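Residue numbers (the UniProt record's numbering): 1 to 310.
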Amino acid sequence: MPSVDEGLNQMTVPRITIQGNQDGPTLLIIAGIHGDEYESIEAVHRLAEMVDQSALVGKVVLVPIANRPAFSRQSRIGDDALDLARTFPGHAEGTSTQQIAFELTRLIEEADFLIDLHTGGQALEIAPLVGYMLVADQTVLDRQRRMAQAFGLPIIWGTTPQLEGRSLSAARDAGVTAIYAEWGGGGGCQQAGVEAYIAGCLRVLAAIEMLPGHVESQEERPFVVEDDREQSGHLQRNYPSPHAGLYRALIDLQASVLPGDELGYLLDVDTLQKTVIRSSQSGQLITRRILPAVNPGDCLAVILENAELQ
């Protein structure tokens with residue numbers, strides 16, 4: 001049976017450990033870095049019941065809700081107002097978010113592989129994608145590419161290794177092979193996303209030979225982009241809202257866009273003036289804001305540019 005570890009104290013990280021009957025590598029799967037990312041949270045809870053311990057080679061460590069304070073608040077962040085996804089490696093004696101980041105960093109350092117599952121939360125809707133950092137270690141990078149392919153989502157995105165504060169930053173520093181995934185958002189829990197995450201994690205377990213089975217190729221070739229430009233992969237910096245107001249997205253996720261295309265419009269609720277938000281890029285819309293109320297600087301859209309890896 002899986003074992004449950006409640007963590008070091010109420011501010012830290014309960015996890016579930018599944019130890020296989022044969023020695024082997026350790027895979028760490030994290031969900032709930034943000035407290036409003038429910039597809040990931042449900043998927044990891046269900047994985048605890050689905051991983052076949054008798055067939056498992058090595059150990060799977062599951063963290064179903066990394067950020068309990070944020071989850072309790074039904075919020076992206078906890079009561080210390082820190083974003084856990086920007087707080088790694090954390091601090092043992094810091095605020096609640098810093099303590100959580102510190103303990104998660106220890107878990108990452110003890111692992112061989114990491115999968116970090118996300119969604120768009122309450123504010124954003126994100127197309128199904130899996131990503132990784134374009135780390136300098138070629139062996140680790142090749143493993144990350146294989147894990148991303150095995151996960152089975154339609155978009156694969158390799159981005160700069162220079163971003164700090166993330167779980168993947170901690171994995172990079174520890175030489176751990178790491179990917180992350182995004183699916184949906186809006187504050188609900190889409191079962192298609194839950195099922196895709198469960199299937200993706202099980203496919204990765206087979207691909208890294210921790211569970212038996214053959215990973216079938218995807219029916220449709222994924223859209224693969226590797227972009228090592230500064231800040232690539234930082235979703236929240238894209239198409240910042242010029243002012244507060246009410247936003248309406250006008251195009252669907254994964255739609256192709258060209259420079260000048262309308263992405264949505266922003267209504268100033270005081271003057272009733274509409275500002276059209278237009279694309280400045282060619283590519284595929286992978287993120288759109290669906291929470292209508294916006295503040296200055298809030299991300300309204302993300303476009304993945306056409307730079308397909310051959």
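In this text, a Cβ means the ideal position worked out from N, Cα and C, and glycines have one as well. Since this is a predicted model, take the numbers as computed values, not measurements.
Cβ-Cβ separation, residue j to residue i (assumed contact under 8 Å), whole Å
{"i": "Leu168", "j": "Ala178", "result": "5 Å"}
{"i": "Lys59", "j": "Thr17", "result": "6 Å"}
{"i": "residue 319", "j": "Leu47", "result": "The requested residue 319 does not occur in the structure, where the chain is confined to residues 1 to 310."}
{"i": "Gln122", "j": "Leu291", "result": "6 Å"}
{"i": "Leu246", "j": "Ile277", "result": "The Cβ separation is near 12 Å, so there is no contact."}
{"i": "Gly90", "j": "Ala81", "result": "Rounded, the Cβ-Cβ distance is 15 Å, inconsistent with contact."}
{"i": "residue 327", "j": "Leu153", "result": "Outside the modelled stretch of the chain, which goes from 1 to 310, sits residue 327, for which no answer is possible."}
{"i": "Pro248", "j": "Tyr265", "result": "The sequence given here places Arg at residue 248; Pro does not occur at that position. Right, the Cβ-Cβ distance comes to about 6 Å (below 8 Å), so this counts as a contact."}
{"i": "Leu134", "j": "Val61", "result": "Not confirmed; about 26 Å, so no contact."}
Three-state secondary structure (DSSP) of residue i
{"i": "Ile16", "result": "strand"}
{"i": "Ala196", "result": "helix"}
{"i": "Tyr38", "result": "helix"}
{"i": "Glu209", "result": "coil"}
{"i": "Arg288", "result": "strand"}
{"i": "Ala293", "result": "strand"}
{"i": "Ile303", "result": "strand"}
{"i": "residue 329", "result": "Since the displayed the chain opens at 1 and closes at 310, residue 329 lies outside it and no answer follows."}
{"i": "Val215", "result": "coil"}
{"i": "Glu220", "result": "coil"}
{"i": "Leu62", "result": "strand"}
{"i": "Val51", "result": "coil"}
{"i": "Leu27", "result": "strand"}
{"i": "Val225", "result": "strand"}
Candidates the options: closest to residue i by CA position
{"i": "His243", "options": "Thr275, His34, Gly24, Asn306", "result": "Thr275"}
{"i": "Arg73", "options": "Pro296, Gly187, Tyr247", "result": "Gly187"}
{"i": "Arg166", "options": "Gln98, Asp227, Asp228", "result": "Gln98"}
{"i": "Ser256", "options": "Arg289, Gly184, Ala70, Leu285", "result": "Leu285"}
{"i": "Ala174", "options": "Gly264, Asp112, Asp23, Asp80", "result": "Asp112"}
{"i": "Asp227", "options": "Leu253, Thr160, Gly264, Trp183", "result": "Thr160"}
{"i": "Glu110", "options": "Ile77, Ala181, Thr26, Ser280", "result": "Thr26"}
{"i": "Gly131", "options": "Gln190, Phe223, Leu107, Cys299", "result": "Phe223"}
{"i": "Asn306", "options": "Gln254, Gly94, Pro296", "result": "Gln254"}
{"i": "Val51", "options": "Asp268, Gly200, Ala293", "result": "Gly200"}
{"i": "Ala171", "options": "Ile156, Gly264, Gln144", "result": "Gln144"}
{"i": "Asn21", "options": "Val225, Arg237, Leu211", "result": "Leu211"}
{"i": "Leu124", "options": "Asp252, Ala70, Ser282, Leu56", "result": "Asp252"}
{"i": "Pro2", "options": "Leu235, Gly24, Leu56", "result": "Leu56"}
{"i": "residue 315", "options": "Tyr239, Glu230, Ile108, Pro259", "result": "Residue 315 cannot be examined here, being either before or after the span of the chain that is shown, 1 to 310."}
{"i": "Gly35", "options": "Ser280, Ala70, Ala293, Pro240", "result": "Ala70"}
{"i": "Gly24", "options": "Leu235, Arg15, Leu267, Gln53", "result": "Gln53"}
{"i": "Ile126", "options": "Met133, Glu103, Ile156", "result": "Ile156"}
{"i": "Ile303", "options": "Glu219, Glu195, Leu129", "result": "Leu129"}
Please give me, in chain order, every unbroken run of the beta strand (DSSP E) with length at least 3 that falls completely inside the stretch 112-194.
113-118, 124-133, 155-159, 177-184
I'd like the ranges of any alpha helix (DSSP H) spanning at least 4 consecutive residues and lying wholly in the stretch 64-107.
68-72
Could you tell me whether the stretch 198-207 touches the stretch 138-145, using the rule of 3 or more Cβ pairs below 8 Å?
no
So, does the stretch 144-153 touch the stretch 84-97, judging by three or more C-beta pairs under 8 Å?
no
Check whether the stretch 63-74 and the stretch 212-227 touch, using three or more Cβ-Cβ pairs below 8 Å as the test.
no
Can we say the stretch 29-46 touches the stretch 103-119, given the rule of at least three CB pairs closer than 8 Å?
yes
Touching by the beta-carbon criterion (3+ pairs, under 8 Å), the stretch 40-58 and the stretch 13-32:
yes
Going residue by residue through the stretch 230-280, where are the continuous alpha helix (DSSP H) segments of at least 4 residues, counting only ones entirely within it?
none
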